[in-house]
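K.L.:
Residue numbers (the numbering used here): 1 to 187.
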């Protein structure tokens with residue numbers, strides 16, 4: 001079994017779950033997920049309309065459901081690494097955002113993983129800005145999934161996320177899903 005990693009693309013920085021914390025020999029005792037959710041710092045909104053063609057937005061990063069689950073679920077093998085990566089992104093000035101598809105997927109994963117009460121609390125207290133996919137995004141994402149040959153496991157949620165990142169000119173993603181980083185641009 002592979003060691004879970006927290007990954008930030010495009011530089012593909014991998015943070016093994018067993019990494020020691022900075023300035024210490026062990027991680028602090030994990031707190032309940034419900035407590036963690038309420039302590040996550042809020043992030044400013046990302047512009048959600050179509051940005052003009054040009055330079056990528058180096059200040060924004062997309063957050064995938066795998067990272068959300070690892071942040072919330074203290075029993076997740078990558079929880080500590082995800083917390084450290086999240087703090088690093090926020091400290092570096094990244095404006096994190098997700099999509100409405102990821103919110104639904106993360107809620108379902110949390111509901112079945114850590115339970116419906118924690119999932120509902122995350123849904124209620126989540127402060128991540130949400131990009132709402134429109135009909136054009138959905139049509140393009142469906143096309144990606146249908147045409148995908150090398151990415152047989154490409155989900156509609158991941159495809160919508162890729163389309164949103166392309167539309168907003170965002171290159172960076174916080175994910176623990178290595179397949180999310182596979183090439184197959186939504187072009």
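All C-beta atoms, glycine included, are put in the ideal place defined by N, C-alpha and C.
These figures come from a predicted structure and were not determined experimentally.
In chain order, what residues of the same chain have a beta carbon less than 7 Å from the beta carbon of residue 106, not counting five sequence neighbours either side?
P.N.:
The residue given as residue 106 occupies position 106 in the chain shown. So the list reads 65, 68 and 69, once near-sequence residues are dropped.
K.L.:
If you follow the alpha helix (DSSP H) that residue 67 is in, where does it begin and where does it stop?
P.N.:
On the chain shown, position 67 is the one that residue 67 refers to. Taken as a continuous stretch (DSSP letters only), the alpha helix (DSSP H) holding residue 67 covers 65 to 72.
K.L.:
Pick out whichever of 123, 124 and 157 has its Cα sitting closest to the Cα of residue 139.
P.N.:
Mapped onto the chain shown, residue 139 falls at position 139. Among 123, 124 and 157, the Cα nearest to that of residue 139 belongs to 157.
K.L.:
Taking only the alpha-carbon atoms, compute the straight-line gap between residue 160 and residue 99 and give it to the nearest angstrom.
P.N.:
For the purposes of this step, residue 160 is taken as residue 160 along the chain shown, with counting starting at 1. For the purposes of this step, residue 99 is taken as residue 99 along the chain shown, with counting starting at 1. Cα to Cα, the separation comes out at about 8 Å.
K.L.:
Please list the terminal residues of the continuous alpha helix (DSSP H) segment that includes residue 164.
P.N.:
Against the chain shown, residue 164 aligns to sequence position 164. Run containing residue 164: 156 to 167, per the alpha helix (DSSP H) assignment.
K.L.:
For residue 173, report the span of its beta strand (DSSP E) as first-last.
P.N.:
As a working note, residue 173 is residue 173 in the chain shown. Run containing residue 173: 172 to 175, per the beta strand (DSSP E) assignment.
K.L.:
Under 8 Å by Cβ, that's how I've got residue 174 and residue 85 pegged, so tell me the actual separation to the nearest angstrom.
P.N.:
Within the chain shown, the letter at position 174 stands for residue 174. Within the chain shown, the letter at position 85 stands for residue 85. Indeed they touch by this definition, with Cβ atoms about 6 Å apart.
K.L.:
Taking the straight line between their C-alpha atoms, what separation do you get for residue 111 and residue 74?
P.N.:
What you label residue 111 is simply residue 111 of the chain shown in a count that begins at 1. What you label residue 74 is simply residue 74 of the chain shown in a count that begins at 1. Going by the C-alpha atoms only, they are around 14 Å apart.
K.L.:
Does DSSP put residue 131 in a helix, a strand or coil?
P.N.:
Within the chain shown, residue 131 is the residue found at index 131, counting from 1. Three-state result, residue 131: strand.
K.L.:
Which same chain residues end up closer than 8 Å to residue 142 when comparing Cβ atoms and leaving out the 5 residues on each side of it in sequence?
P.N.:
Taking the chain shown and counting its residues from 1, the one referred to as residue 142 is at position 142. So the qualifying residues of the chain are 156 and 159.
K.L.:
Considering only C-alpha positions, which residue in the set 124, 178, 164 and 71 is nearest to residue 113?
P.N.:
As a working mapping, residue 113 is identified with position 113 in the chain shown. That would be 71, whose Cα lies nearest to the Cα of residue 113.
K.L.:
Could you give the distance in angstroms between the alpha-carbon of residue 95 and the alpha-carbon of residue 61?
P.N.:
Counting from one through the chain shown, the residue named residue 95 turns up at place 95. Counting from one through the chain shown, the residue named residue 61 turns up at place 61. Approximately 6 Å, taken between the alpha carbons.
K.L.:
Alpha carbon to alpha carbon, how far is residue 79 from residue 93? Give it in angstroms, no decimals.
P.N.:
Numbered from its first residue, the chain shown carries residue 93 at position 93. Numbered from its first residue, the chain shown carries residue 79 at position 79. Roughly 21 Å separates the two Cα atoms.
K.L.:
One question on the structure: do residue 164 and residue 131 come within less than 7 Å of each other, judged by their Cβ atoms?
P.N.:
Residue mapping note: residue 164 aligns to position 164 of the chain shown, counting from 1. Residue mapping note: residue 131 aligns to position 131 of the chain shown, counting from 1. Result yes, Cβ atoms of residue 164 and residue 131 sit closer than 7 Å.
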